[in-house]
Amino acid sequence: MTDRLSELTAAGVAVWLDDLSRVRLSSGGLDQLRREKHVAGVTTNPTIFAKALSDADEYNWQLRDLAMRGVDVEEAVRMLTTYDVRWACDVMRPSFDSSACVDGRVSIEVDPRLAHESDRTVAEAKALWWLVDRPNLFIKIPATEAGLPAITATLAEGISVNVTLIFGLDRYSAVMEAFLAGLEQAKANGHDLSTIGSVASFFVSRVDSEVDKRLEKIGSEPAKALKGKAAIANAQLAYERYGEVFSSDRWQVLADAGAHPQRPLWASTSTKNPDYRDVIYVEELIAPGTVNTMPEAVIHAYADHGETRGDTIAGTYDAARKVFADLESVGVDMADVIATLEREGVEKFATSWQELIDGVRKSLEAAASGKGSPNEAAKGNAKAAQQAGGNA
Numbered sequence: 001m002t003d004r005l006s007e008l009t010a011a012g013v014a015v016w017l018d019d020l021s022r023v024r025l026s027s028g029g030l031d032q033l034r035r036e037k038h039v040a041g042v043t044t045n046p047t048i049f050a051k052a053l054s055d056a057d058e059y060n061w062q063l064r065d066l067a068m069r070g071v072d073v074e075e076a077v078r079m080l081t082t083y084d085v086r087w088a089c090d091v092m093r094p095s096f097d098s099s100a101c102v103d104g105r106v107s108i109e110v111d112p113r114l115a116h117e118s119d120r121t122v123a124e125a126k127a128l129w130w131l132v133d134r135p136n137l138f139i140k141i142p143a144t145e146a147g148l149p150a151i152t153a154t155l156a157e158g159i160s161v162n163v164t165l166i167f168g169l170d171r172y173s174a175v176m177e178a179f180l181a182g183l184e185q186a187k188a189n190g191h192d193l194s195t196i197g198s199v200a201s202f203f204v205s206r207v208d209s210e211v212d213k214r215l216e217k218i219g220s221e222p223a224k225a226l227k228g229k230a231a232i233a234n235a236q237l238a239y240e241r242y243g244e245v246f247s248s249d250r251w252q253v254l255a256d257a258g259a260h261p262q263r264p265l266w267a268s269t270s271t272k273n274p275d276y277r278d279v280i281y282v283e284e285l286i287a288p289g290t291v292n293t294m295p296e297a298v299i300h301a302y303a304d305h306g307e308t309r310g311d312t313i314a315g316t317y318d319a320a321r322k323v324f325a326d327l328e329s330v331g332v333d334m335a336d337v338i339a340t341l342e343r344e345g346v347e348k349f350a351t352s353w354q355e356l357i358d359g360v361r362k363s364l365e366a367a368a369s370g371k372g373s374p375n376e377a378a379k380g381n382a383k384a385a386q387q388a389g390g391n392a
């Protein structure tokens, strides 16, 4: 049988899982994906945790202990989520060691309600780094304007960062600038750059969802002909900028000091439109030095029928620019698309985070009363969180 995920890995794409739960950990499912499906990293978000906490009795003992101690609900959320992330870091440690600290990473997100507060974001990033206490951890920080200085400051502390919620090219360039500045400060602070990792999570399918909605509203044939093209073109042009930055003299100084590049990570790669091929956002974004984080269903779909055709980004830049020009010509304002997606992305994750807190509060109350299963109390909030935020 063809090992399609092995071919994808050989083409330079690190396969990461966009999901985590205690059931996946306790059953050995995550380790099995690492060993058999070439999964080399894990990403999480508040919606994923809300669903995990509502689905598994494995959390009940910890919820009862937390309730017995009378801990604050937000502290309880952090105790529950960091427990899983720490465990996942241990499961992924072989990938971390064998890749010289590049892969084997597991991400945990700062409170998304802090997306517009730089100093508090840095403070929480440092607290999470200390709390999980694993070298293969990534702290997820959103690429908002306030997030940019937080990214630099966190990296300067020697803390590895997954920059999330990147939708547009100019913001992506600013993220890479924040990364370079952070490593330069880390070097000045005496940190070993070879141990510091970073990815830039560039969201894909959500771009098509927003642009396609606008194209449908415009309704002309030229507009409809552009459906399903914006997201891939956007990511292709992002990779072009990545190549420019990480071939610069400024980067070479850091590379000579042991630094690893900040890899582009293609996020939101499950297709939202059933008319599109289910692995299109994997097949069309194959290039060296990239990461593709996928829900398990997409991993299995690629293993079944994905086509690895070598580098599918090289040579696409002029065609991608034409897609953008054509979108403008039919009346799609891409700057407004990007601004809308960033605003909605922050709002959706903040809503999911609040739903997670509300679910844990109900679980703690159930555990304290001794009536019913704690995780049963969180089910309604988990469903609401999925509707609000969804997986990446």
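Going by full-length UniProt numbering, the residue at position 182 of the sequence shown is 182; the numbering climbs one at a time, nothing skipped.
For glycine and all other residues, C-beta sits at the position ideal for the given N, C-alpha and C.
Per-residue DSSP class, three states only, for L254: helix
For S194, three-class secondary structure by DSSP: helix
Whole-angstrom C-beta distance between L356 and P46, which should lie under 8 Å: 5 Å
Chain-order list of residues whose beta-carbon lies under 6 Å from that of F167 (same chain, five-residue window excluded): F203, I338, L341, E342
Euclidean distance between Cα positions of V211 and Y281: Taking the straight line from one Cα to the other gives about 16 Å.
Among W61, S99, S26, nearest to A88 - alpha-carbon criterion: S26
Boundaries of the alpha helix (DSSP H) in which I357 is found, first to last residue: 334–369
Proximal residues to V323 (C-beta, below 6 Å), its chain only, five neighbours per side dropped: K229, A233
Given 8 Å, three or more beta-carbon pairs between the segment 312–319 and the segment 234–244: yes
Inter-stretch contact at 8 Å, needing at least 3 Cβ pairs: the segment 134–144 / the segment 48–67: no
Where R35 falls: helix, strand or coil (DSSP): helix
Inter-residue CB distance, T195 and C101 (contact presumed, cutoff 8 Å): 6 Å
Counted within 10 angstroms of its Cβ, other Cβ atoms place N292 as buried (16 or more) or exposed: By the 10 Å Cβ count, N292 comes out buried.
Beta strand (DSSP E) segment containing F138, residue limits: 137–142
Beta-bridge partners of M294, as assigned by DSSP: Answer by DSSP bridge pairing, in chain order: L17.
Buried versus exposed, by CB contacts within 10 Å (16 or more), A392: Caution is warranted here: a pLDDT of 49 is assigned to A392, below 50, making its placement in the model unreliable, and the coordinate value is therefore given only provisionally. A392 comes out buried.
Sheet register partners of R202 (DSSP bridge): According to the sequence as given, residue 202 is Phe; it is not Arg. DSSP output for F202 lists I166, W266 as bridge partner(s).
Reduced DSSP secondary structure (H/G/I, E/B, other) of E109: strand
Reference S201; option with closest CA among I151, A223, R263: R263
Same chain only: Cβ atoms within 7 Å of A320, ignoring 5 sequence neighbours per side: Closer than 7 Å at Cβ, skipping near neighbours: A233, Q236, L237.
Simplified DSSP assignment, three categories, for A40: DSSP places A40 within a strand segment (E or B) once states are collapsed to three.
Assumed close pair D111, W353 - CB separation to whole angstroms, cut-off 8 Å: 6 Å
Burial state of residue 469, where buried means 16 or more other Cβ atoms lie within 10 Å: Limits of the chain in this structure are 1 at one end and 392 at the other, which puts residue 469 out of reach.
Spatial distance of V346 from E177 (CA atoms): 21 Å
8 Å Cβ cutoff met for T43 and S99: no
Rounded separation between W16 and L30 - CA only: Cα to Cα, W16 sits roughly 11 Å from L30.
V161, DSSP secondary structure in three states: strand
Between the CA atoms of R171 and L148 - distance to the nearest angstrom: Spanning the two alpha carbons is a distance of roughly 9 Å.
Any non-hydrogen atom of the ligand NAD within 7 Å of F96 CB: What this structure holds is no ligand at all, so the ligand NAD is not there to describe.
Cβ pair R34, T308 closer than 8 Å: Taking a C-beta distance under 8 Å as the contact criterion, R34 and T308 do not qualify as a contact pair.
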